[in-house]
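Please read the structure below before turning to the comments.
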Ligand SMILES: Nc1ncnc2c1ncn2[C@@H]1O[C@H](COP(=O)(O)OP(=O)(O)O)[C@@H](O)[C@H]1O
Ligand SMILES: [Mg+2]
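Numbering (the numbering used here), first residue to last: 922 to 1149.
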């Protein structure tokens, strides 16, 4: 479904991605893991068209997308839960959900069944929600674009344990439904039962790919690239 082939990208003169290659097949859940500053979010920005790659190709469902603007890429069926959530602070919960929605299996009601707190907060301004509620709203908003590929960039970062648990539960539910997901997160133990394939990112490229079981079996990998 998604394939990055030797993608190069950066900010001005500063190159961040050096030959980033990555693949997610339909129905798969794949991760990007690695230390801070290694290029995970930059990879996401390149996929979404927020950053123009200076080399390599990004294909989504056999179509080269590197030169498309972000709205065109979103319309092809990629939904993003961005780092730092980026909600419309002065719109209420329901307005945030419908602002970018597209028709499909996910409806406002279904998202509110998934996260009942959003139903309770339906008319409340997004900027006044708790961090956890904002994260649920960000996930709900991405689902309402009815994406073929859902990308989550540090969706559980900085949240209370009870909220994290709710988000992992949600991701397991999406897996059951066959949703293709690219997940970036630091919680390896939660990802062990969710992810089909991990990709370790180091200095702007994928240096290792394998199953959670293979990762757990190799303590050297974790200490070298993940700092655990
Ligand atoms: N907007 C930006 N302008 C300049 N440099 C940036 C910007 N965003 C990120 N970087 C730099 O790019 C590198 C990779 O960052 P990032 O992709 O956010 O890493 P990760 O998500 O893996 O923590 C870092 O050195 C970071 O400082
Ligand atoms: Mg990041």
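Backbone N, C-alpha and C fix where the C-beta goes; we use that ideal spot for every residue, glycine too.
The structure presented is a predicted model; accordingly, all values stated were derived computationally and were not measured.
One Cα belongs to residue 1106, the other to residue 959, and the distance between them is close to 13 Å. Residue 1066 carries a coil assignment under DSSP once its states are collapsed to helix, strand and coil. The segment 963-971 and the segment 988-996 touch, with three or more beta-carbon pairs separated by less than 8 Å. If you check the CB distance, residue 1019 and residue 1059 do not come in under 8 Å. Residue pairing by DSSP places residue 1123 opposite 1126 in a beta bridge. With contacts defined as CB atoms closer than 8 Å, residue 1009 and residue 1063 fail to qualify as a contacting pair. DSSP, read as helix, strand or coil, puts residue 964 in helix.
Counting along the chain, residue 944 sits inside no alpha helix (DSSP H); it lies in the beta strand (DSSP E) bounded by residues 935-945. Sorting 964, 1133 and 1084 by C-alpha distance to the C-alpha of residue 1055 places 1084 at the top. Under DSSP, residue 932 takes part in a beta bridge, and its partners are 935. Cβ contact annotation for residue 1023 (same chain, cutoff 8 Å, sequence separation greater than five): 996, 1065, 1066 and 1067, in chain order. Apart from the 5 residues on each side of it in sequence, residue 1033 sits with its Cβ closer than 7 Å to the Cβ of 1039 and 1040 in its chain, given in chain order. For residue 980, the CB contacts under 6 Å within the same chain, skipping 5 residues up- and downstream, are 924 in chain order.
Excluding residues up to 5 positions away in sequence, 936, 937, 938, 939, 940, 941, 959, 960 and 963 lie with their Cβ nearer than 8 Å to the Cβ of residue 1125 in the same chain.
For the set 1133, 1035, 1051 and 1095, the Cα lying nearest the Cα of residue 1081 is the one of 1051.
Bridge partners of residue 1118 according to DSSP: 951.
Listed in chain order, the non-local C-beta contacts of residue 1093 below 7 Å within the same chain comprise 1115, local neighbours out to five positions each way being set aside. In its chain, beyond the 5 residues on either side, 952 and 1073 have a beta carbon closer than 6 Å to the beta carbon of residue 1104.
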